[in-house]
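First to last, the sequence lines map onto chains W and C. Residues in the first sequence are numbered consecutively from 29, following our numbering. Residues in the second sequence are numbered consecutively from 29, following our numbering. Beta carbons are placed, not taken as given, at the ideal position from N, Cα and C, and that holds for glycine.
2 protein chains.
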Amino acid sequence: MRTNELTDNQRKVLDFIQSYVEVNEVSPKLQEIAEAIGITSRGVAHRYVQALVDAGFLETHSGKHRGIRLLPSEPERSATALPFLGKIAAGKPIEAIAGQDEIDLSNFFGANSYAIRVQGESMVEAGIMDGDIVVIEFRETANDGDIVVALIDEEEATLKRFKRSQQGRYIKLIPENSDMEPMVYEAERVRIQGVLIGQLRHY
Amino acid sequence: MRTNELTDNQRKVLDFIQSYVEVNEVSPKLQEIAEAIGITSRGVAHRYVQALVDAGFLETHSGKHRGIRLLPSEPERSATALPFLGKIAAGKPIEAIAGQDEIDLSNFFGANSYAIRVQGESMVEAGIMDGDIVVIEFRETANDGDIVVALIDEEEATLKRFKRSQQGRYIKLIPENSDMEPMVYEAERVRIQGVLIGQLRHY
DNA sequence: TTCATTTGTTCTCATAATGTTCTCATTATA
DNA sequence: TATAATGAGAACATTATGAGAACAAATGAA
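Next comes the structure, spelled out in structure tokens:
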């Protein structure tokens, strides 16, 4: 745990290390730290560094030259996690149940995933509205029932539910909208561009 | 993983290789590296190169002459960003348009936001389905038209669209489902627990 | 191709630089 | 006075550095 009770010199050392790293991209050596605060002893500089390690501000690669590393200032909860309050329907006020679980969105951020904004109403009955952002994982193949981004005749890209005919010669692209009809293409005309793995909307 | 704990000479070597490649379009030979940092031993130069390989800055084609390659500095896209491909409807295959824009989800992750899983169908016509996860920003007040988490009689929490009566004595909670009816409560019985700011779904 | 040369790689040995751990003395402060 | 913070510097351990030998692989020329 990080302490706030730094002596003046400890604070000076910390500030110096921070600005040094800012400029030089490597940590200073003890000699340089000593000079920076106006002393000559490497041993004393080492003592200050050690105090900052104990206080939780630094980390050292013991023995290595320039082996000081700054620790991030906050515990910083994982950037892709949200506190998850489960079924709030249970009825308690939110303050009472905070900090229980977490929901992790890192699965949205895989190497092969990308986002596109949906145009049109063809998937409204699947809860995908005009203007929503969908997260797609890039793949060249899909399974029946997947919602895919399909490129037709190398021209038109569209988001639809995917179904292959029994012989595999045709591909049916099914909208989730009772006002619209499924479309059938020869398999050669359709290129899968990815499969829907997530959806985002921001109000 | 790339370390930035390089010794002075390691950094000198790296800088030299970078500028050499910039000019000559091939990597320098060990002899040249040695001269550049003022030493005579190819063996020592090799040791520096190896250190940079270990640190993740270089790659070598072992044995090959001038076989050093610079590794690109990781662009490290923000952990909360996704490549955003805009209207893929334009028709190009995905490979052709990768790496253009980014969509940043950091606004989902504010200090006062949390996530809950939706139960029930009361908001389907707003595109919020049973099982979806909604992101809520904690607030005690809401504006007409906001979708809110409301706690009724300190017991039941529900997600509905919010509307206040003209005198402010009553609050109407409106489902987005034509099969269901709005409900009206005295303002004292309703406690706002937060306002909908986002929605996530994972397939 | 064949061969000489260059270049990369792996060693060992020696030295310098840096980090680490001490003790001792001084100063400030409760 | 007692305690903590500070500074100097010695002594030692570890790491970084430099030279160069010996060998293997790659390269370029005949």
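K40(W) by DSSP, collapsed to three states: which one? helix
So, under 8 Å CB-CB, I65(W) and F44(W) are touching, yes? Tell me the CB distance rounded to an integer number of Å. 7 Å
Examine chain W for any beta-carbon lying closer than 9 Å to the beta-carbon of G226(C), and answer yes or no. yes
Can you look up S150(W) in the DSSP assignment and give me helix, strand or coil? Look at S150(W) here: in three-state DSSP terms it is coil, with no helix or strand label.
Quick one: any contact between the segment 41-58 of chain C and the segment 209-218 of chain W, if contact means 3 or more CB pairs under 8 Å? no
Distance between K40(C) and Q147(W) (C-alpha atoms, nearest Å): 52 Å
From the DSSP output, read off the bridge partner residues of F190(C). According to DSSP, F190(C) bridges with L201(C).
What does DSSP give as the partner residues of H230(C) in its beta bridges? G226(W)
List the whole-angstrom C-beta distance separating L58(W) from G226(C), where the pair is believed to meet the contact cut-off of C-beta under 8 Å. Actually they do not touch by this definition, with Cβ atoms about 49 Å apart.
Against L34(C), what residues of chain W qualify as contacts under a CB-to-CB distance less than 7 Å, listed in chain order? V54
May I ask which residues mark the beginning and end of the alpha helix (DSSP H) holding L58(C)? 58-64
Listing by chain order, which chain C residues have their CB less than 7 Å from the CB of Y198(W)? Those within 7 Å of Y198(W) in chain C number zero; the least Cβ separation is about 21 Å.
Taking the alpha carbon of F190(W) as the point to measure from, which residue in E182(W), T169(W), N205(W) has its own alpha carbon closest? T169(W)
Same chain, Cβ closer than 6 Å to L79(C), five either side skipped, listed in chain order: Note that residue 79(C) is Ala in the sequence shown, not Leu. Close CB contacts of A79(C) within its chain, under the 6 Å cut and outside five residues either way in sequence, are with Q38 (chain order).
Where does A170(W) sit, in a helix, a strand or coil, going by DSSP? Of the three classes helix, strand and coil, the one that applies to A170(W) here is coil, per DSSP.
Give the residues of chain C in contact with K188(W), contact being defined as C-beta atoms less than 7 Å apart. Residues of chain C with a Cβ closer than 7 Å to the Cβ of K188(W) do not exist; the shortest Cβ-Cβ separation is about 13 Å.
Proximal chain C residues relative to G95(W), where beta-carbon distance stays under 9 Å: E33
Among P100(W), L99(W), L98(W), H74(W), which has the Cα closest to the Cα of G91(W)? H74(W)
Quick one: what does DSSP say E33(C) is sitting in, helix, strand or coil? coil
Determine the chain C residues that contact K21(W) at a beta-carbon separation under 7 Å, and present them in chain order. The structure shown does not extend to residue 21(W), since chain W spans only 29 to 231, so no value can be given for it.
Output the distance between the C-alpha atoms of G173(W) and G159(W), rounded to the nearest integer angstrom. Linking G173(W) to G159(W) through their CA atoms gives a straight-line distance of about 23 Å.
In DSSP terms, what I175(C) is bridged to: Beta-bridge pairing links I175(C) to R189(C).
Around the C-beta of P56(C), are 16 or more other C-beta atoms found within 10 angstroms, so that it is buried, or is it exposed? By the neighbour-count rule (16 or more Cβ atoms within 10 Å), P56(C) is buried.
Proximity winner among E204(W), H230(W), G95(W), A154(W), relative to I161(W) (alpha-carbon distances): H230(W)
Report the rounded CA-to-CA distance for R192(C) versus N140(C), giving the unit in angstroms. Between R192(C) and N140(C), the alpha-carbon positions lie close to 24 Å from each other.
In three-state DSSP terms, what is S141(C)? strand
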